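Take a look at the structure set out below.
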Amino acid sequence: MDWSGTSLGPIAAWPAPLRAALELMLPVGAQTLLVWGPERRVFYNDAYAALLHERHPGALGQPADKRWHRAWDEVAPMVDEVFATARTLTLGNRRFEILADGQPVAVHFDISLSAVMLDDETVGGVLGVVSDVTERTRTVEAATRERERLRQMFDQAPGFIAVLRGPEYVIELANATYRRMSGGRELVGRRYAEALPEVAAIGFIDKLDEVRRTGKPFRAVDMPVQLPSATPGMLRDFWIDFICQPITDERGAVAAIFIEGIDRTDRHRAREALARGRASLEQATEAGEIATWDYDLRHDRFSCSPLGMSLYGLPPNSAPMSRDAFRNLIEPDDRPILQEAFLPVIDPATRALFDVEYRVAHERVGGVRWLSVRGRGIFDGDTCLRVVGTIIDITARKLQTEAWRESEARFRTLADSLPALVWMTDPQGQVTFASRGFETILGVAPEMIEERGWGDLLRADRRDAALSARGGWFESPRTLSGEHPLLTPDGRTRWMHIEARPRFIGAAFQGYTACAIDVTDSHLAGERLEARVAERTAELTAQIAERQRVEETLHQMQRLEAIGQLTSGVAHDFNNLLTVILGNVDSLVAAGKRGLLDPRLEPRLEHVRIAAERGAALTAQLLAFSRRQRLEAKVVDMNRSVTGLLELLGGTLGRDIAIETHTPHGIWPALVDPTQMELIILNLAINARDSMPGGGTLLLSVANATLGPPERAEEPPAGDYVRVAVTDTGTGMSEAVLARAFEPFFTTKEVGKGSGLGLAQVFGFAKQSGGGVRIDSAPGRGTTVSVFVPRAAAAADAAQDAPALAATEPLDGATVMVLDDDDRVRQVAVEALREAGCRVIEAADGESALEALRHEPAIRLVVTDIAMPGMTGIQFARRLQDLHERVAVLFVTGHADPSDMEGVSEDRLIRKPYPRRVLLERVRAILAEA
């Protein structure tokens, strides 16, 4: 290398100390370098060149800061210090990072730096001797890591571990378990006797000395020792298994002792507890009369506790015996049972529980003794070594079981003989017994009930609810009662009343005992009653829902009834007045015919008679409304009645009214008074004509009608009716007019053109006939009045009987009694009869009439009013028939209730007001008949 271009110049001009140092350094085998001059140029030998890798030889003689980079940053301060002080510096295990193959690598060196002096005693350079200790350092670090790993591993070991070094037994290592057992004391680095004086005091140091002296390990099992606790001054008891293992050096001398052991304190205490428990168990079994036994298979030796020997009839302290000797203690018939049960117990494949009941030989105990023997085999691998177990005297239980079995047999016999279903269950609900009643009543075999239970017998609509409730019955046992539908195999339903009671032994639930009887008939009756109650409830609900309408209807009915009662009373008084008027008119007319009156008065008398007859018709309408008129109901063909009125209606209604009819075939016969029915139709037709002042169409229709419950007071009750309807095309009615249409004297006609009694008469007639009436109308749409009369059971006759001819019996000399409480009315009848030649006896009340009859045996007929105070005419007639059967009675009435005239024929009745001729004709007819 040419050095002339450097600051050092040619080699020949180098300072002698530099050349001398290089001559000394270059051949040396140690890694040596020389840093020279202010530029810090670096020289090194071949040994050092190996450390530079690819930087050699470019780094030779170059300034250090240009080639050494990061390594020079660490070395430069030390080199500068040697230049400045000329002192030698030594550094051990110094870490540097160098580049090797372009990658930074960590290396470790021991470095020694010393000054190279110049002739002027100044420092010309620094000589460095470098020793690469990288491998050694890595080995030490690996050993340190391994030691730490071992320490962590020892700390995690379940046992305790320690290493004692040297004759003073300095604790070099103690794992976490060892430290915990020593109360958490600081142990490492201390002498054993100083760290754990409590252990040293019991002779443990002597054991260590013996191991050190002999080189043999020391073992201890279940050794008791007291060690310090975390509480100062307190010691804890331990039982430990451990070994002290000597560790020898290369000369074979014991350099350390390794201690490793396990804390057996818990096991020791468990053994003590087990021993105490075994002792307690033996005492308890003896106290509970439970004996223990043990059979040693290897030595064929059977032994028992003292109680067990006594149970076999042997002295309590009897010696163990062989298996054959033991078999001789068993009743011969039970020995096969014992052998069969014992073999699976000692079989390693099954290792079954030994559980058998047998009898002790009779001659051993002088009677019957039953034993329950249980046990289990103890195995070593697949070899059974021993079988141990218990023995209990169950003689009393066996006898009780036999008694229970006999009792159960009696119970089953009794249950099978009952006409009922009887069954029992276990605590889980499984049927354990079912009586023969299941077969006789339901046709189901008891065995099927025991196998599947009775859930399948329940009707489908009850099954899910019963099965869901079943769990609660067994979770909370209680008395159960109820009726359930059960199905027979052919699908019939039988209702059963079930009573179930839980069974207990002490507080332990044993299941249910249940009994069921057939209540099908009573249940079906109850269902019918419930259906009727439900039906009635529905009816009541409907009635309540329509309460307002019903109340309104009731109010209307009460108002009509009140008006009816009023009109009935008015009609009675009015009829009496009209009777007097007509009677006197007839007398005056008769007098006029005899020339006793001015002829000019006869027209006036005729006017009076016509007015009186018109008043009589008016009272008849009032009586019809109040339902006090006498009706003669007959079976009537309503089609024939309607068509029979067409000619009369045509002349009455006029040409402006077109009359149409609708009378279909198949109309039911009606039960009604035909005369009154014709008057009703005529009345309705005239009302219809008045509602059509400009003309129109009148439709008469007949139809069969089956009606439901009525909606208004005037409508008929539910049933079959013949409907006669009168329909017009007139002005119609408003709601307000419809509400009052049936009230007497209510009319929408002008004054003098209507009495207001037409529809009231229709209402009264329909109701008295057992039917009703309905009006359908709206303003401008016409009106339909429907009269409903009852349907008759038989058909109407084709023709009516011809009226009988009036009798012409002479009245001269006939004795007749007239009974009436009204003097003026009575006088009219008396005068008419006397003028006809009758001898007349008068009476004002029933009692005086009966008294007169006792004194006048010639009386042949009594003409009596019906409505009288005290004794009515009907009552009088009954008294009369009891006393004088030959005397006939002719009744006169103005308003009597038809129910009061039951049994009174029409030919024996005259209605007020009546003309004189009617009275005389009826009297002649009755006397002629008598």
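If you're matching positions, the sequence shown starts at 3 in the working numbering and goes up one per residue.
Idealized CB from N, CA, C, for every residue including glycine.
None of these values were measured; they are calculated from a predicted model.
Runs of 3 residues minimum, wholly inside the segment 483 to 539: which ones carry the beta strand (DSSP E) assignment?
495 to 507, 510 to 520
Apart from the five residues on each side of it in sequence, which residues of its chain come closer than 6 Å, Cβ to Cβ, to Ala800?
Confidence at Ala800 is low in this model, with a pLDDT of 49, below 50, so the placement of that residue should be treated as unreliable; the coordinate-derived value is given next. Taking Ala800 as the centre and dropping the five residues before and after it, the same chain places no C-beta closer than 6 Å to its C-beta.
Taking just the CA atoms, how far does Asn586 sit from Ala860?
28 Å
Local conformation of Gln432 per DSSP, three classes:
coil
Own chain partners of Glu252 with C-beta closer than 8 Å, once the 5 adjacent residues on each side are dropped
none
Going by Cα to Cα distance, which pick from Val370, Pro718, Ala117, Gly235 is closest to Gly772?
Comparing alpha carbon positions, the residue from Val370, Pro718, Ala117, Gly235 closest to Gly772 is Pro718.
Helix, strand or coil for Thr733 per DSSP?
coil
Determine, using beta carbons only, whether Gly126 and Leu115 come nearer to each other than 7 Å.
no
What did DSSP end up calling Lys2 once you bin it into helix, strand or coil?
One cannot answer for residue 2 here, as it falls past the ends of the chain, which runs 3 to 932.
Residues near Trp670 in its chain [Cβ-Cβ closer than 6 Å; skip 5 each side]
For Trp670, where only same-chain residues beyond five positions count, the Cβ hits under 6 Å are Asn706, Val724, Arg793.
Just checking my contact of Leu340 with Val358 at CB under 8 Å: how many whole Å lie between their CB atoms?
Cβ atoms of Leu340 and Val358 come within 8 Å of each other, at about 6 Å.
Should the segment 848 to 858 be regarded as contacting the segment 873 to 888, the criterion being three or more beta carbon pairs within less than 8 Å?
yes
Hey, would you say Ile393 sits closer than 7 Å to Trp456, going by beta carbons?
no
Where the beta strand (DSSP E) through Tyr916 begins and ends
Counting along the chain, Tyr916 falls outside any beta strand (DSSP E), and DSSP gives it neither H nor E.
Rounded to the nearest angstrom, how far is the Cβ of Leu460 from that of Leu488, given a contact under 8 Å?
7 Å
In whole angstroms, what is the alpha-carbon distance linking Thr677 and Leu700?
Answer to the nearest angstrom: the Cα atoms are 21 Å apart.
Status (buried if at least 16 other CB within 10 Å, exposed otherwise) for Trp372:
buried
Nearest-angstrom Cα separation, counted from His486 out to Arg464:
Straight-line Cα distance between these residues: approximately 8 Å.
Where does His364 land, buried or exposed, given buried means 16+ other C-beta within 10 angstroms?
exposed
From this set, Thr250, Leu91, Asp492, which residue's C-alpha is nearest Ile128's C-alpha?
The question names Ile, but residue 128 is Val in the sequence shown. Val128 has its Cα closest to that of Leu91, out of Thr250, Leu91, Asp492.
Alpha-carbon to alpha-carbon, Val864 and Ala738:
51 Å
Helix, strand or coil at Phe328 according to DSSP, with G and I counted as helix:
helix
From Val775 to Gln763, what does the alpha carbon distance come to, in whole angstroms?
Distance between the alpha carbons of Val775 and Gln763: 11 Å.
Report yes if the C-beta distance between Val820 and Glu853 is below 7 Å; otherwise report no.
no
If you scan the segment 41 to 97 from start to end, which runs of the alpha helix (DSSP H) of 4 or more residues do you find wholly inside it?
48 to 54, 66 to 69, 71 to 87
What are the boundary residues of the beta strand (DSSP E) that Thr677 is part of?
From DSSP, Thr677 is part of no beta strand (DSSP E) but of the alpha helix (DSSP H) over 676 to 692.
Between Ile410 and Ile380, what straight-line distance do the alpha-carbon atoms span, to the nearest angstrom?
Looking at the sequence provided, one finds Glu at residue 410 rather than Ile. Each residue's alpha carbon lies about 41 Å from the other.
Proximity below 7 Å, CB of Val832 to CB of Val842:
yes
Which of helix, strand or coil does DSSP assign to Gly127?
strand
Using the Cβ count rule (16 or more neighbours within 10 Å means buried), how would you classify Asn578?
Burial of Asn578 is indicated by the presence of at least 16 other C-beta atoms within 10 angstroms of its C-beta.
Return the bridge partner residues of Glu359 from the DSSP annotation.
Ser374
In terms of alpha-carbon separation, which member of Pro317, Arg783, Val791, Ser184 lies closest to Gly766?
Val791
Would Arg919 be called buried (16 or more neighbouring beta carbons within 10 Å of its own) or exposed?
exposed
Taking a contact to mean a Cβ-Cβ separation below 7 Å, would you say Gly732 touches Gly784 in this structure?
yes
Distance check for Ser693 and Pro781, CA to CA, integer angstroms please.
11 Å
Keeping to the same chain, check which residues put their C-beta closer than 8 Å to that of Ile259; ignore five residues upstream and five downstream.
Closer than 8 Å at Cβ, skipping near neighbours: Val165, Leu166, Tyr171, Leu210, Val213, Arg214, Cys246, Gln247, Pro248, Ile249.
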